[in-house]
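Engineer:
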Amino acid sequence: MKKPLASIIGNTLKWILLISLLSLALLPLLWLLVSSLRTNLELQTDPFGWPQKFQWVNYANALAMASLPRLLLNSVVVAVVTVVLNSLVTSMGSFILAREHFKGRDILYTILTAGVLVPVISFMVPYFSMITRSGLYNTLLALILVYTAVNIPVSIFLVTAFMKSIPKELEEAAIMDGCGFFKRFSMIILPLSRSGIVTAATFCFIYSWNEFVMAMLLTSSIESRTIQLGIKFFSSQFITDYSSMYAAVIITIIPSILGYVFLHDKIIGGLTTGGVKG
Amino acid sequence: MQAVGTRNRWIWSARILFLLPVSLLFFFFFIYPFFFTVFTSFTSWRGIGSMKFNGVKNYAKLIADPTFQKALGNNIVWALSQGLIQVPLACLVAMILVRKPFGWRGLRTIYYLPNVISTVALAMVWVAIYNVDGPLNAILADLFGMEKHNWLGNPDTALFAVIFQTVIYIGYFMIVLLASAMNIPRSLYEAAEIDGASTLVQEINITLPMLRGTLITTMTLAMAYGMRHFEATFLMTGGGPAYATTTMGIDLYLKMDALRYSEASTSGVFLIIMGTLVITLLRKLFGSSDPMSEMAQ
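So the sequence lines, in the order shown, correspond to chains A and B. In terms of our numbering, the numbers along the first sequence are unbroken and rise by one, the last being 287. In terms of our numbering, the numbers along the second sequence are unbroken and rise by one, the last being 472.
#1: Let me check understanding here. Comparing Cα to Cα, which of Thr249/A, Arg114/A, Pro78/A lies closest to Ile165/A?
#2: So the candidates are Phe461/B, Ile454/B, Leu427/B, Thr451/B; which of them puts its Cα closest to the Cα of Leu237/B?
#3: For Thr1/A, decide whether its Cβ has a neighbour in chain B, counting only Cβ atoms nearer than 8 Å.
#4: Among Ser188/B, Ile448/B, Lys459/B, Thr412/B, which one has its Cα closest to the Cα of Leu334/B?
#5: Is the CB of Val252/B under 8 Å away from at least one CB in chain A?
#6: Are there three or more Cβ pairs, one per stretch, closer than 8 Å when the region 80-99 of chain A is compared with the region 203-218 of chain A?
#7: I need the boundaries of the alpha helix (DSSP H) containing Gly239/A, first residue and last residue.
#8: Output needed for Asn250/B: all residues of its chain with C-beta closer than 6 Å, excluding positions within five of it in sequence on either side, in chain order.
#9: Using beta carbons (cut-off 8 Å, strictly below), is Val262/B in contact with chain A?
#10: In whole angstroms, what is the alpha-carbon distance linking Ile118/A and Val453/B?
#11: Under 8 Å, do Phe171/A and Ser143/A count as touching if we go by C-beta distance?
#12: Quick one: what does DSSP say Phe277/B is sitting in, helix, strand or coil?
#13: Can you check DSSP and say which residues form a bridge with Phe228/B?
#14: Trp59/A: which of Leu42/A, Val168/A, Met74/A sits nearest, CA to CA?
#15: Run the CB neighbour count on Phe191/A, radius 10 Å, all protein chains shown included, and call it buried at 16 or more, exposed below.
#16: Quick one: is Val159/A buried, meaning 16 or more other Cβ sit within 10 Å of its Cβ, or exposed?
#17: Does DSSP put Ser202/A in a helix, in a strand, or in coil?
#18: In the DSSP assignment, the alpha helix (DSSP H) including Asn250/B goes from what residue to what residue?
#19: From what residue to what residue does the alpha helix (DSSP H) around Glu365/B run?
#20: State the start and end residues of the unbroken alpha helix (DSSP H) segment that holds Leu272/B.
#21: Report yes or no: is there a C-beta of chain A within less than 8 Å of the C-beta of Leu297/B?
#22: Hey, how far is the Cα of Ile17/A from the Cα of Leu267/B?
#23: Using a Cβ-Cβ distance cut-off of 8 Å, determine whether Gln237/A contacts chain B.
#24: One question on the structure: do Leu27/A and Ile285/B come within less than 8 Å of each other, judged by their Cβ atoms?
#25: Which class does Gly413/B belong to by DSSP, given the choice of helix, strand or coil?
#26: So within the region 38-125 of chain A, which uninterrupted alpha helix (DSSP H) runs reach at least 4 residues, ignoring any that extend past its ends?
#27: Count the other CB atoms within 10 Å of the CB of His404/B; is the residue buried (16 or more) or exposed (fewer)?
#28: Helix, strand or coil: how does DSSP classify Ile127/A here?
#29: Quick check: the region 215-231 of chain B against the region 174-183 of chain A, are there 3 or more CB pairs under 8 Å?
#30: Spell out a yes or no on whether the region 279-299 of chain B and the region 341-353 of chain B are touching, meaning 3 or more CB-CB pairs, one atom from each, closer than 8 Å.
#31: To the nearest angstrom, report how far apart Ala303/B and Pro360/B are at their CA atoms.
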């Protein structure tokens, strides 16, 4: 049977669109990767092209840059502590919001999740003022507190939705067995919500690792700056050495790529938690 | 009776204990900053010293400020481009992927990938791509013999250039729309198939109406994000050249950097108002969907 012309054209257009978008998603990253392995001369003479010889020395140069290891360490500390703190406070809060019944519960839930609709960048002045007054300016703790708080709406939304989906019977059986409030949380609900908490934690990690604006606002020296500021502001160190700078950038995005490779199902699942209701 | 009372009090202490950390953090980083921003926007305050009430002076000054007008206009362009180009494009891709063409899972995963990469890194790449001697001009010269153009340095193309790069983030809205499209009952399509409806007709008469709620939600979010856009532009152009790409967020930051705190707060209040306006306006226009249920991330 001959395919009608319209369907052939439609199919071609469809694949042109899908492949263009695929290229747009991947080519910038591939260009960055390839450029990080070329010499500066190669980069200058032709923005494209394959390296004649892989210049791994660019990576050595990037890591040898005095501040890079420190900045990476700061980012790891901030992201890890933020994820732990955020997971802890939001799973405790979500437990009450999802499994306990009392007046005002839904209002509290709505307020906490509505935080997503607030543009946090409009809070630059109060954040700066609060952090400075409390003596936390230029500390990792300042970033940890801000990131933990900013992620509350998303985490509460994801974890509460997950905890609500746990069948009541499981909890009732536990109560019959004499489980009290804390045991219900730590032995029943928390382990059963692991998957939801991991999803929220993944989003929280990605945010904390990549965040730039608040880090720029609230820190001022190498001791407490994160890697994102490093590649933005210390790029002046590389002013003539672009390939090493690109190597440094690749180093900073490796954790995100690795995390995505292992956790993309969780991320996509998290994005569609609400979507399915639409 | 007394036992019940004790137990009641105990369970309430436990509940409050569990809700306290999250509520305190939320109070200090959402509620208090909101009122602080609104309050300082009515004062003259430069970060130190006492706040002096000066009525709506800051607002009058802000509205008359050509830089802010430019920023507001740019944010409106941002919001419209995100809501009316980005989301429909994401919807088109979702409608293609829901029919599960070859490799659709892989495509879905890769389309979302740029969303997990830091804006700092990607902005740096885009600056290199748009550079006069960069890859984009090289491609255009090879393909069409076009002359070299300074995409980010020219006020006529800078805004277009910073907005264009957001197309790589399409995966976010696409995934939400795709999940919703996957929930449309197959039987609707089968019935249409029997009636002899073409694929195109099926998409227009079944998929689009069924996606209506999710489309409104994603459009609302996209436009709200457009209103608060800051990071990529700040990193790529700093709002220049000649304020061609500035946004309300950048205006706020620059004022703060110049220690004009109360004026920065006024910009912040405008940012919140414009975001809220977008949300309420779209709700009025299209009826209420449920943004609360779909705003994960």
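All C-beta atoms in this analysis are idealised placements derived from N, C-alpha and C, irrespective of residue type, glycine included. Everything numeric in this text was worked out from a predicted model, so none of it was measured.
Structural biologist: Working from what's here:
#1: That would be Arg114/A, whose Cα lies nearest to the Cα of Ile165/A.
#2: Of Phe461/B, Ile454/B, Leu427/B, Thr451/B, the residue nearest in Cα terms is Leu427/B.
#3: For residue 1/A there is no data in the structure shown, the boundaries of chain A being 10 and 287.
#4: Of the candidates Ser188/B, Ile448/B, Lys459/B, Thr412/B, the one whose C-alpha sits nearest the C-alpha of Leu334/B is Thr412/B.
#5: Not one chain A Cβ lies under 8 Å of Val252/B.
#6: Touching, yes.
#7: Unbroken alpha helix (DSSP H) run through Gly239/A: 236-242.
#8: The beta carbon of Asn250/B is closer than 6 Å to those of Met402, Thr422, Met423 in its chain, skipping five residues each way along the sequence.
#9: Not one chain A Cβ lies under 8 Å of Val262/B.
#10: Residue identity differs from the one stated: residue 118/A is Tyr in this sequence, not Ile. Computed Cα separation, rounded: 23 Å.
#11: Not closer than 8 Å, so no.
#12: Phe277/B sits in coil when the DSSP states are folded into three classes, being neither helix nor strand.
#13: Phe228/B pairs with Thr218/B.
#14: For Trp59/A, the closest C-alpha among the options Leu42/A, Val168/A, Met74/A is that of Leu42/A.
#15: Label assigned to Phe191/A: exposed.
#16: Answer is buried; the Cβ neighbour count reaches 16.
#17: Annotated three-state conformation of Ser202/A is coil, per DSSP.
#18: 241-256 is the extent of the alpha helix (DSSP H) around Asn250/B.
#19: Unbroken alpha helix (DSSP H) run through Glu365/B: 361-369.
#20: First-last of the alpha helix (DSSP H) with Leu272/B: 262-272.
#21: So yes, Leu297/B belongs to the interface.
#22: If I take the Cα positions, the gap works out to 18 Å.
#23: For Gln237/A, at least one C-beta of chain B is nearer than 8 Å to its own C-beta.
#24: Using a Cβ distance threshold of 8 Å, Leu27/A and Ile285/B do not count as a contacting pair.
#25: Coil.
#26: Fully enclosed alpha helix (DSSP H) runs of 4 or longer: 49-54, 66-73, 77-108, 114-123.
#27: With 16 or more neighbouring CB atoms inside 10 Å of its own CB, His404/B falls in the buried class.
#28: Here the sequence assigns Val to residue 127/A, which means Ile is not the residue at that position. Here Val127/A sits in coil by DSSP.
#29: The answer is no - the region 174-183 of chain A does not touch the region 215-231 of chain B, with fewer than three Cβ pairs under 8 Å.
#30: Yes, the region 279-299 of chain B touches the region 341-353 of chain B.
#31: Straight through space, the alpha carbons of Pro360/B and Ala303/B are spaced by roughly 46 Å.
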